[in-house]
Amino acid sequence: MKAASSLLAVLLFGAVFAGIVGGYGERESVSALAEQYLAMVPRELGAPNVVTGILITYRGFDTLGEVAVLFMVAAGVGVLLGGKDTTTASEPGREPRRPSELVGNGAEITLPLIFLFGAYVIKNGHLSAGGGFQGGAVVASGTMLLMLALPATKLNHGFLGVTESLAGVVYVGIGILGLVFAAGFLDSHILPLGEFGTLISAGAIPVISALLGVKVGAELSVIIDRFRN
Amino acid sequence: MNEQAPTDGKGIRGLPVLWLLLFILWLIVNASLATPILITGAVISFAIALIFARRSNVWHIAVTPRSAWHFLTYTSVFFTELVKANLNMLRYVYSPRIDIHPGIVRVRIRLKSPIGRLALSNSIALTPGSLVMDVRGETMFVHWLDVKTTDPDQATEMIVAPFEKHLEAVFG
Amino acid sequence: MELTGSILVLTGAFFLFSAGLGLLRMPDTFTRIQAGTKASTLGNILVLAGLGFYHPDWALKLLVVAYFVLMTNPLSSHALSRAAHAIRTPMAPSTMVDALREEGDRQGNGDVS
Amino acid sequence: MGLPVSTLLMTTGFLLVLIGMWGILRHRNILRIIIGFGLFDTGLHIVMVATGYITGGTAPIIDTALGIEQATTRAVDPVPSALVVTAIVIGFSVTAIMLAFAIRIHDARKTLSIDALTESKW
Numbered sequence: 001m002k003a004a005s006s007l008l009a010v011l012l013f014g015a016v017f018a019g020i021v022g023g024y025g026e027r028e029s030v031s032a033l034a035e036q037y038l039a040m041v042p043r044e045l046g047a048p049n050v051v052t053g054i055l056i057t058y059r060g061f062d063t064l065g066e067v068a069v070l071f072m073v074a075a076g077v078g079v080l081l082g083g084k085d086t087t088t089a090s091e092p093g094r095e096p097r098r099p100s101e102l103v104g105n106g107a108e109i110t111l112p113l114i115f116l117f118g119a120y121v122i123k124n125g126h127l128s129a130g131g132g133f134q135g136g137a138v139v140a141s142g143t144m145l146l147m148l149a150l151p152a153t154k155l156n157h158g159f160l161g162v163t164e165s166l167a168g169v170v171y172v173g174i175g176i177l178g179l180v181f182a183a184g185f186l187d188s189h190i191l192p193l194g195e196f197g198t199l200i201s202a203g204a205i206p207v208i209s210a211l212l213g214v215k216v217g218a219e220l221s222v223i224i225d226r227f228r229n
Numbered sequence: 001m002n003e004q005a006p007t008d009g010k011g012i013r014g015l016p017v018l019w020l021l022l023f024i025l026w027l028i029v030n031a032s033l034a035t036p037i038l039i040t041g042a043v044i045s046f047a048i049a050l051i052f053a054r055r056s057n058v059w060h061i062a063v064t065p066r067s068a069w070h071f072l073t074y075t076s077v078f079f080t081e082l083v084k085a086n087l088n089m090l091r092y093v094y095s096p097r098i099d100i101h102p103g104i105v106r107v108r109i110r111l112k113s114p115i116g117r118l119a120l121s122n123s124i125a126l127t128p129g130s131l132v133m134d135v136r137g138e139t140m141f142v143h144w145l146d147v148k149t150t151d152p153d154q155a156t157e158m159i160v161a162p163f164e165k166h167l168e169a170v171f172g
Numbered sequence: 001m002e003l004t005g006s007i008l009v010l011t012g013a014f015f016l017f018s019a020g021l022g023l024l025r026m027p028d029t030f031t032r033i034q035a036g037t038k039a040s041t042l043g044n045i046l047v048l049a050g051l052g053f054y055h056p057d058w059a060l061k062l063l064v065v066a067y068f069v070l071m072t073n074p075l076s077s078h079a080l081s082r083a084a085h086a087i088r089t090p091m092a093p094s095t096m097v098d099a100l101r102e103e104g105d106r107q108g109n110g111d112v113s
Numbered sequence: 001m002g003l004p005v006s007t008l009l010m011t012t013g014f015l016l017v018l019i020g021m022w023g024i025l026r027h028r029n030i031l032r033i034i035i036g037f038g039l040f041d042t043g044l045h046i047v048m049v050a051t052g053y054i055t056g057g058t059a060p061i062i063d064t065a066l067g068i069e070q071a072t073t074r075a076v077d078p079v080p081s082a083l084v085v086t087a088i089v090i091g092f093s094v095t096a097i098m099l100a101f102a103i104r105i106h107d108a109r110k111t112l113s114i115d116a117l118t119e120s121k122w
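What follows is the structure, encoded as structure tokens:
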């Protein structure tokens with residue numbers, strides 16, 4: 001009975017989706033809004049990557065809110081899991097297995113490369129595919145490898161917290177600078193545009209991108225570490 | 001770099017090698033030699049190297065012309081073994097009946113440095129019919145696809161010896 | 001130039017296919033891991049080399065990727081097989097000797113740590 | 001010629017949504033329900049990206065492959081991509097919170113089956 005109703009629900013949704021797909025004609029040209037963005041981001045902001053330009057400047061307030069959501073998730077997971085006593089982690093009478101020497105050393109060798117790649121992705125946010133969120137995720141995956149391969153490692157929560165808060169404060173500070181020196185909150189024109197397509201260009205976008213990367217990386221690392229207990 | 005330098009000098013020894021490696025990697029992924037990229041690369045790779053060179057002694061490598069030469073010969077030996085391993089594997093995979101006698105044997109290794117042991121075990125894992133299961137001190141447990149001998153010395157001669165003499169010269 | 005690249009990519013694809021076939025045909029976990037590791041590593045490297053012939057300006061980046069594969073692929077197979085041995089995954093009936101299990105039994109704790 | 005790219009992408013995305021929905025409805029284990037939610041989420045992201053595809057379009061990044069003057073005609077719609085970045089972050093956040101609750105539930109009940117949680121039934 002239950003299975004039948006579940007199947008019915010899924011099939012109904014499937015029929016609706018099939019209708020949507022069947023009636024969808026592929027678009028031949030972009031919408032007016034997208035055309036506006038595609039023309040304005042390279043000229044006005046000097047950023048080759050249109051998506052990053054939209055995310056960090058035109059919808060900068062939204063991105064700030066997104067980072068705030070991540071912060072609240074880190075805090076929420078901390079509240080939910082932080083107060084636990086650690087005795088439940090390992091059952092008595094069973095010693096945890098010794099981590100492999102080779103895996104530990106391999107992680108020590110790959111970790112610097114992963115973090116370097118994370119920095120590269122963060123730095124390239126305004127030039128090509130990449131940016132703060134993606135680079136932060138790469139950094140957090142490095143943290144995950146660290147905790148899997150070397151379980152003895154303790155993350156320095158105080159340092160991560162300070163770094164993350166500092167990045168957030170500077171981010172908001174840049175936003176307020178935009179209010180004072182340029183057209184509005186989080187306007188990236190407080191710095192010169194520079195030469196199109198080079199590392200130091202596109203106004204404040206690379207700075208904001210780097211701050212986002214640091215903040216997201218630190219927050220995701222804290223969240224992952226909370227789950228480890 | 002002076003602050004809180006560990007008393008036994010652990011970590012700082014590996015710093016130049018790691019810094020140089022990361023910096024070269026940075027230049028390769030950026031594919032550019034512009035000044036801003038050079039500066040940010042130097043700063044970022046130094047920061048990462050400073051953090052990770054302190055953590056472990058993996059990066060204690062001395063680069064000399066002799067070790068570079070042995071590294072090249074090691075690479076060539078390694079690639080021939082890799083191709084041989086694959087042809088071997090193809091023979092097993094496409095044969096109508098798989099007739100093998102797998103088993104785990106022990107071999108002895110002389111290498112001391114962590115990175116040398118890692119390179120050795122990776123080489124063993126990629127050469128004909130062998131896979132490292134565990135390392136305990138000087139004994140390495142190797143899963144062998146087709147066991148020819150259970151004697152540690154003979155097994156060492158057959159599995160480990162081709163790589164070990166080059167790796168010993170490179171990493172010590 | 002492009003022909004060489006295509007041939008290399010095709011050979012790599014053949015090795016990757018053999019890796020998959022090996023996963024299916026081998027008798028137990030460890031031999032399957034072996035087949036998967038070796039053939040997929042060479043297959044990956046050949047595909048990367050073929051790409052290098054298509055785009056010569058990517059050559060250095062592809063070299064870095066190839067070294068990364070060479071470093072991580074055997075390591076992950078080592079971690080997998082070690083974990084599989086520790087939870088006593090059954091081995092093929094034709095297995096001749098298991099020195100690691102003997103070592104674990106000799107140390108007195110039945111659990112191979 | 002084959003099917004248009006956006007149709008393929010949308011079909012894949014909707015199929016993922018259906019699989020995720022089936023997982024949410026039919027499984028009793030909380031972890032599996034969360035995995036179903038993840039599939040649901042990913043499928044919706046793919047559908048969103050597919051709606052932004054323009055026939056023959058390329059990534060909206062100005063470089064040697066896409067000149068600045070052809071940007072408005074040859075690039076795909078960047079707005080759905082920008083929205084999907086937000087959606088991915090929110091999906092991640094929701095998953096993290098759900099996993100945290102799953103851990104708490106496991107601590108309290110020593111089980112991950114939702115059959116044990118009868119008092120939240122109405």
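Chains as they are written, first to last, in UniProt numbering: chain A, 1 to 229; chain B, 1 to 172; chain C, 1 to 113; chain D, 1 to 122. By construction, the Cβ of each residue, glycine as well, lies at the ideal position given by its N, Cα and C atoms.
In this structure, does DSSP put residue i in helix, strand or coil?
| i | result |
| --- | --- |
| Asp107/D | helix |
| Ala183/A | coil |
| Asn156/A | coil |
| Ile3/D | Here residue 3/D is Leu; the residue named in the question, Ile, does not match the sequence. Residue state, collapsed to three classes: coil. |
| Val79/A | helix |
| Ile145/B | The question names Ile, but residue 145/B is Leu in the sequence shown. Correct three-state label for Leu145/B: coil. |
| Asp115/D | helix |
| Arg59/A | coil |
| Val160/B | coil |
| Met140/B | strand |
| Asp63/D | strand |
| Thr89/C | coil |
Would you report the Cα separation of residue i and residue j, rounded to the nearest angstrom?
| i | j | result |
| --- | --- | --- |
| Leu45/A | Gly125/A | 13 Å |
| Asp146/B | Arg25/C | 16 Å |
| Met1/B | Pro65/B | Confidence is the limiting factor: at Met1/B the pLDDT is only 31, short of 50, which leaves the residue's position unreliable, though a coordinate-based value still follows. Distance between the alpha carbons of Met1/B and Pro65/B: 28 Å. |
| Ile219/A | Ala74/A | Contrary to the premise, residue 219/A reads as Glu rather than Ile in this sequence. Near 6 Å, if we compare the C-alpha coordinates of Ala74/A and Glu219/A. |
| Ser5/A | Gly91/D | 27 Å |
| Leu82/B | Tyr74/B | 12 Å |
| Thr40/B | Leu116/A | 11 Å |
| Gly213/A | Gln134/A | 8 Å |
| Ala149/A | Met40/A | 46 Å |
| Ala79/C | Thr86/D | 35 Å |
| Ala137/A | Gly158/A | 20 Å |
| Gly14/B | Leu83/D | 44 Å |
What does residue i touch in chain C if you count any residue whose Cβ is under 8 Å from its own?
| i | result |
| --- | --- |
| Ile109/A | Met71 |
| Gly129/B | Gln34 |
| Ile39/B | What Ile39/B touches in chain C: nothing, since even the nearest Cβ is about 21 Å away. |
Let me know if residue i comes out buried or exposed under the rule of 16 or more other beta-carbons within 10 Å of its beta-carbon.
| i | result |
| --- | --- |
| Tyr94/B | exposed |
| Lys123/A | buried |
| Gln34/C | buried |
| Asn156/A | exposed |
| Ala125/B | buried |
| Ala68/B | exposed |
| Phe61/A | exposed |
| Ala161/B | exposed |
What does residue i touch in chain B if you count any residue whose Cβ is under 8 Å from its own?
| i | result |
| --- | --- |
| Thr41/C | Leu82 and Leu126 |
Identify the contact partners of residue i in chain A, using a Cβ-Cβ distance below 7 Å as the criterion.
| i | result |
| --- | --- |
| Arg25/C | What Arg25/C touches in chain A: nothing, since even the nearest Cβ is about 28 Å away. |
| Arg82/C | Ser100 |
| Ser121/B | Leu102 |
Taking Cβ-Cβ distances shorter than 9 Å, what residues in chain D pair up with residue i?
| i | result |
| --- | --- |
| Asp187/A | In chain order: nothing, as chain D lies at least about 18 Å away. |
Could you tell me which chain B residues have their CB closer than 9 Å to the CB of residue i, listed as they occur along the chain?
| i | result |
| --- | --- |
| Asn156/A | Result: empty, since nearest Cβ-Cβ is about 11 Å, beyond 9 Å. |
| Thr37/C | Ala125, Leu126 and Leu131 |
Mind listing the chain D neighbours of residue i? Cutoff is C-beta to C-beta under 8 Å, in chain order.
| i | result |
| --- | --- |
| Tyr37/A | Pro78 and Val79 |
| Ser6/A | Trp22, Leu25 and Arg26 |
Applying a beta-carbon distance threshold of less than 7 Å, which residues of chain B neighbour residue i?
| i | result |
| --- | --- |
| Leu21/C | Val93 |
What do you reckon, is the C-beta of residue i under 7 Å from a heavy atom of the ligand MG?
| i | result |
| --- | --- |
| Gly78/A | For the ligand MG, the structure offers nothing, since it holds no ligand at all. |
Task: Members of the segment 132-152 of chain B near chain A, C-beta cut-off 9 Å - done: For the segment 132-152 of chain B, the set of positions with a beta-carbon nearer than 9 Å to some beta-carbon of chain A reads Val132, Asp134, Val135 and Arg136 in chain order.
- prompt: When you check each C-beta in the segment 115-139 of chain A against every C-beta of chain B, which residues fall closer than 8 Å?
  reply: Only Phe115, Leu116, Phe117, Ala119, Tyr120 and Lys123 from the segment 115-139 of chain A bring a Cβ to less than 8 Å from some Cβ of chain B.
Task: Within 8 Å of chain A by C-beta, residues of the segment 47-80 of chain C in sequence order - done: Phe68, Met71, Thr72, Leu75, His78 and Ala79
Closer than 9 Å between beta carbons: that is the criterion. Which residues of the segment 87-102 of chain D meet it against chain A? Correct list: Ile88, Val89, Ile90, Phe92, Ser93, Val94, Ala96, Ile97, Leu99, Ala100 and Phe101.
Output, in sequence order along the chain, the residues in the segment 84-98 of chain B whose CB is closer than 8 Å to any CB in chain C.
Ala85, Asn86, Met89, Leu90, Tyr92, Val93, Tyr94 and Ile98
Practice problem: Closer than 8 Å, Cβ to Cβ, to anything on chain C: give me those residues from the segment 15-46 of chain B, in chain order. | Solution: Leu25, Ile28, Val29 and Ala31
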